[in-house]
Each structure stands twice: as C-alpha cells, then as structure tokens.
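Protein chains in written order, with the numbering used here: chain A, 1 to 393; chain B, 1001 to 1393.
For reference, the structure is listed below as structure tokens.
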C-alpha cells in the first residue's frame, strides 16, 4: 500500500498559487465598498502591466467562453462576415459561437496537430475584403499547437477587420505583444497561467475594437463591454463579481509582476521543451511537432493503447490528473500541462509516473530514460549556485 | 528561468494533509462549548483507535519535548534512578531532561547511526534493579535509526521500571503494539506522521504509569497529567488548547482510520526502502544501514562535500527543503523524510533533484539511475490496475 496524493496536472484548471489560495479566504468583502473598489482598480491596472498593453483590460465573472461570446456580441452585427482560423476544438468553438449569432463564417481549417498558416489567412483576407473579423486561438490547447498570431496580426492590421485572439492558454506561455501586433481583442482565463481557479475571464480591447462597438448591433446584456468599461473606471464591475477570485488574482498578479511575465513564459517554454525531449527518449510521438505550444504538450498513445487508459492509470496509480485528448482526439493523445504554477520537480515525477504506466501496459519503455532526458535538459539551463568550498569533509 | 515551488520534505514538520488544512480554518470555535467538547472527545477516542491501545491517550498543547518533560515530571521523584538508551540527539534530550529534574541517570549510549541493543538494556536492568524508568527513542530521527522497542519492552515489563518511549517519529512509521509490548508511556507529535503543523503532543499512559503518578513528587503544573485526565473525561483540556490544530487532527484521524494505521506505516516503509535502493544505485552510503528507520533515511554526503551544501542546493535550485544532519552529524549527512503525507511521485522528484545536485557539485552520478531504482522498487510493489482492452488504437 502506498499513498496517492492528488495532483492537478491539466492545462486548466492548473495548480493554485498558495498565496492566492490564502488570499481567497478573505472573500468576506462587499463588492460595493471602497476597499473593494481600490482592490479592483489595482487588479485592472496590474492586468494591463502583466499583459503589457496600453489597451483597456476588463474582467468578467465568466469562464473564457463567456469572454469569447462577449467579443462577438459586442463587436459584430447580424450577417457580418468573419474568418475563423481553426485547428482544434477551441477553433470549432469560435465557429459555433459565430453561427449562434448569425454571422457569415469563412472557416480556415488546419488538421488537428497543425496550425493555420499566415499565408492562408492572407489569401482569405484578399478574397474577403469585407471581412469584419478574424478569430484565432493563440494556443490551441486541445491539440497543443500554436498559431503565429504576430504574422497574422500584421495582416489583419491592414484591413478593417478586428483581430480577435483566444489567448486563454496563450497568456503566460508565449510572447503576445498586444499593441504592436494589432491584437484587437485578447481573451484570457483565470484557471490557466494565472494560477487561480476557474470563474474569471479577462479581455483586452483596442481602440479599433471600441470604435466598432459603437455600431455593433448584436444583442448583449451581461457581457456589455462598454457598460463594463464605464464601471471599471470607477472600480466597479457591472454585476456582482467573483470576489474570492479577484482577491486571488490580486495576489497572483503581484507574484507575476515580481517574477516578470517573460520569466513565467520562459518557465512554461522550458518545461514544454523538456517534455518533448523526454517524449523522444521514450520513443513517443509528439502530436504537434511543427508548432508546439508551451501551454500543453500532446503526445500520441503508443499503438494499441487508448490514451484514456494512460489518463486513468495516472489517477489510479498515483493520484495525478492529466488530460486526455479532446473531441476527435480523445483516446489517441494525452496532454501534459506546463502553464502556470508548474516546475521541474513536477515534471521529474510526472515523467517517472508515465514511464511506469507505459511499462505496466506492456510498452517497451526504458525506465528512467525520460526522467534523465528532463534532468539533462534542466542541467543545460540551470547552473548550480556557486558555493563556498566545503567547510569540512 | 524556471519556477521553484516550495516543498517541505523534512522529517517534521511534514506536508500538511489538505483536509486538515481546510479544517483548521474553522478555528473560530470556543474551547469551553459543547461543540468543542464533542470534537475533543472524538479526537481522544480516535487517537486511541489509531494508536491501537486501551491505555488513556491525552493531548497536550506543546511540542513533543513538552510531552517528554511531562513523562518525567509526572512519573518520577527527585533522585530516582533511570536508564536512558541514547543513539542520537533526541536520546541526549532525554539525558538533559532527566538531569534537569535531578534524576540519577544511567546512560546506555550507541554511536550515531546505530541503536542500543536489547541485551545492553538487559544487562543494565540486572545491574540496576532499583531503576524506576527506561527511556528510549522508537525512531531516532537525528540519525535515521530505530530501536527494538518490542524486545526492550519485554525486558522492562518484568521490572518495576516504567518504559517511556519517544515515538514522535515512530508513530505511523513502525509497528508499536503499545499494550502487549508494555510501552507505559508513548509520546507522539502533531507535525510528524499525523500530517498537521507543530503544536500538539499526545501521550498514551498505561495503568502502571498512572499508579506511579500517585507517588511521584517532581513539581508540575501545566503538564499535570492526572489533572489533564480528569478534564479529558469531560471533553475539556486543562488549559486553552490549540483549537485549530485539534480541528486539523480530527480530520487526519478520520483519514488514517479509513486508510488504517498499518497502511500508513507500509507507505513510509516502502518509501524508505525505495530511498535505500536509490542510494545504493547512486553509490551513496547509508548512515544507519543496520537499523534503518522508515521515518527518515540518513545518507552520508559524498567525500569532500558538506551535506549543508546539498541541503542549500535543494532549496536554491528547486525550492525543496530537506534536512541536514543534527548535532555532531551536521555537515556530514542529509536526511530524506518518509513519515506522513509523502508518496512515490514526491520521491521520484526528490531523487531526480538529488542526482542533479550531486552532479552539479562534481560527484560522478549516473543521472536517472536513482530514479530508475525507485521506479523498479515501485513496480515491484504496485501492480497496474487491470484495465479493459483498449477501445481503439
């Protein structure tokens, strides 16, 4: 008999930062008080700092999908033509949302595990000069692939279309230069690299997007961004906010400001790169080798093995919760998360668990080889502290 | 840049059980209410169940040392002759305590890393038929050694002496059959295998010990066990108790009752055994190979390397807190804990960290070899779940 400590290793929700968890206990605060207004104003200001944008940033009490819906209902009118770049389940969500609100949708589709190339978007934009919006995932976490939002932004910038970026798993895992790249709307979620539980989404909004909202006619009420902006200026949210999460977010933003966003991104990128070398050492096939996300690494289950069995064994044998594939990839891939509050010891343990699971399922796995690959990667980036000579032997 | 999550890997305090941590937040309870009395009575009853004894078990708001002191002041009179079996820093604490209270102390001393043999005690008891007490550590956590308290108990049982066992790191890491083995006083602490923070000690007291207390004349007040017993029967503690810790302890006792004490012990013993095979794979020397504790494994630093450097590197490179040697072993050994809320993924990560640290300090360490040894140990004890055949390929 051995203990199995629960460990959350999914690409969202992610492990909660301890300081945030503690702060969330102070949620016995009323949201229409000056104390809360001061807190909320500082959270909104810190979000701008951490996201590195001069654009407005608003917070919504909703999951990321709510903010995706807000970007559609606030910026478009019935029948508007839009282009959706889709490379997975979350790209398909853009398509569903746009259809739900009666937009005319042009879909640029990449196979799962790949990304829509900027030149595909360039052609689509030239064929559809009347497109009012372009939608994309910065990081498509259902497959572990990234889009080149920089190159795409440069193209959309030249048109009247708004560039609307689901960066729910992109924030904190990849550079996102919102203002210079022309990312008109950028959407994030609380339960990803920002290390708090689900329930908050945030949205950055460019002047170009605000201008569009003056004429956008789709119906909206809870997600009315103009109303939210007016209230945010006073330190208020339009509706009752998730106060415990705001308290947690305030702590995480302090942490990320001290650490710097660049270092948070580097951490995820190092963990992702180390996971890829471990996969190679274990003869496992990466699912998105050409455009890998640092938010999550998708790995194909060995031939003959359902990835759901791997996910189940992680839970049953070790208490660790990792992600299966989503949509049509369920059963075929498993996904290892790197975004937010993860570190190398997490990865050492996770790869050791994976090796044991694969061996237990009959795969030929050299025990320890994946861990060693991660250790060697770590040794390459992290030099030991210079210590004084041993005091005694 | 990479994140370093703080991880407490010491033989006390140990990682806190999540359910206990949550329960501790309910500490806004008054200790002179029926709600608290009910809680306290159930904690005392559960402690008896978990310790597997018909003896009374009392809880003191104090660290383990306070309970050690209580066992002296409640059971002895000035000038009483006692035998202390000492094999490390905590054995020396018995000697200091006995001297502080004017007892006549016979010391049976084993070198650090070894244990006092039962036959040594047998001789000492025959030479000192007037000895009133025998003191020992079940597990000497300063060195990672255990005493054979069973054999010792059988010897002391035949005399008028009380057998007083510091089981602060013994509880939950080794079998302790309190009643049949004649362990008159057994002392435990909250911050060890019982997975809550420091601040509570518990003491089991045999009828033989209670009888002695009727005549023991050493001065005592805060630690008056007879007074505590009377109050405990009513669900009260004599003085203000650490209510948050009692709330946490109640949760942990539920957890351990469900798990069973035997399985908690097995977990520590497996982790300790796996640590020993990892040390062997890394050509590291165990410090207490002949009588290894399952609470903590002491390993000698490689020649020329101060173990304090290893401890410092764990903290600086990974955020992990492990223990240095104590007393005269400081700088020479480092200690890896297994007692309480630890599992195999903790150990996979810790051994991977250790390998990198030793390599970074110039030791010849085959990266991954120690982790592999732990994996192989794990694979030998934990069979994978039988899963249905893969649903698809």
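We put the beta carbon where it would ideally sit given N, CA and C, even for glycine.
Remember, predicted model here, so these are calculated numbers, not experimental data.
- The beta carbon of residue 291(A) lies closer than 6 Å to those of 115, 145 and 146 in the same chain, with the five residues before and after it left out.
- In this structure, the straight-line span from the alpha carbon of residue 1205(B) to that of residue 1227(B) is close to 13 Å.
- Within the region 258-283 of chain A, the residues whose Cβ lies closer than 7 Å to some Cβ of chain B are 263, 266, 267 and 270, listed in chain order.
- Between the region 1306-1318 of chain B and the region 1349-1360 of chain B, the count of Cβ pairs shorter than 8 Å is three or higher; the stretches touch.
- Closer than 8 Å to the CB of residue 1371(B) there is at least one CB belonging to chain A.
- Sequence-distant Cβ neighbours of residue 335(A) in its own chain, meaning closer than 8 Å and more than five residues away, are 10, 11, 141, 144, 296, 297, 298, 299, 322, 323, 324 and 325.
- Residue-level contact by beta carbon fails for residue 1329(B) and chain A, as no gap is shorter than 8 Å.
- For residue 1252(B), the uninterrupted alpha helix (DSSP H) segment begins and ends at 1243-1259.
- Its chain contains 1012, 1013, 1063, 1189, 1190 and 1191 as the residues whose beta carbon lies nearer than 8 Å to that of residue 1198(B), once the 5 sequence neighbours on both sides are disregarded; these appear in chain order.
- Sequence-distant partners of residue 1054(B) (beyond 5 residues in either direction) whose C-beta falls short of 8 Å from its own C-beta, in its chain, are 1048 and 1179.
- Annotation: Cβ neighbours of residue 382(A) in chain B (cutoff 7 Å, chain order): 1002 and 1317.
- When the alpha-carbon of residue 1233(B) is set against those of 1074(B), 1130(B) and 1045(B), the nearest one is in 1045(B).
- For the set 1243(B), 1265(B), 1218(B) and 1176(B), the Cα lying nearest the Cα of residue 1035(B) is the one of 1243(B).
- Taking a C-beta cut-off of 8 Å against chain B, the contacting residues of the region 352-370 of chain A are 352, 353, 355, 356, 357, 359, 360, 361, 367, 368 and 369, listed in chain order.
- At least one beta carbon of chain A lies nearer than 8 Å to the beta carbon of residue 1349(B).
- Taking residue 209(A) as the centre and dropping the five residues before and after it, the same chain places the C-beta of 75, 162, 184 and 185 closer than 7 Å to its C-beta, in chain order.
- Only buried fits residue 1137(B), as 16 or more other CB atoms lie within 10 angstroms of its CB.
- Here residue 344(A) is near residue 378(A), since their CB atoms are less than 8 Å apart.
- Counting only the Cα atoms, residue 118(A) lies some 10 Å from residue 124(A).
- The alpha-carbon separation between residue 1065(B) and residue 1082(B) amounts to approximately 18 Å.
- Contact with chain A is found for residue 1007(B), since one of that chain's Cβ atoms lies less than 8 Å from the residue's Cβ.
- When 9 Å is used as the limit between beta carbons, residue 377(A) is near no residue of chain B, the shortest such separation being about 10 Å.
- For residue 244(A), no chain B residue has a Cβ inside 7 Å of its Cβ, as the nearest lies near 13 Å away.
- Within the same chain, Cβ atoms closer than 6 Å to the Cβ of residue 268(A) are found at 173, 294, 338 and 339, the five residues on either side in sequence being excluded.
- For residue 1314(B), none of the residues of chain A pass the 9 Å Cβ criterion, the least Cβ distance being about 10 Å.
- Distance from the CA atom of residue 60(A) to the CA atom of residue 359(A), rounded to whole angstroms, is 45 Å.
- In its chain, beyond the 5 residues on either side, 150 and 153 have a beta carbon closer than 6 Å to the beta carbon of residue 181(A).
- DSSP places residue 1267(B) within a helical segment (H, G or I) once states are collapsed to three.
- The criterion of a C-beta distance shorter than 8 Å is not satisfied by residue 1050(B) and residue 1246(B).
- For the pair residue 5(A) and residue 331(A), the CB atoms are not nearer than the 8 Å cut-off.
- Pairing residue 97(A) with residue 68(A) gives a Cβ-Cβ distance under 8 Å.
- Between residue 1100(B) and residue 1225(B), the CB-CB gap reaches or exceeds 8 Å.
- Assigned with DSSP and collapsed to three states, residue 104(A) falls in strand.
- Distances from the alpha-carbon of residue 148(A) to those of 350(A), 310(A), 213(A) and 166(A) put 166(A) closest.
- For residue 81(A), DSSP records a beta bridge to 104(A).
- Counting only Cβ-Cβ distances below 8 Å, residue 1343(B) has contacts in chain A at 2, 3, 4, 5, 318 and 319, in chain order.
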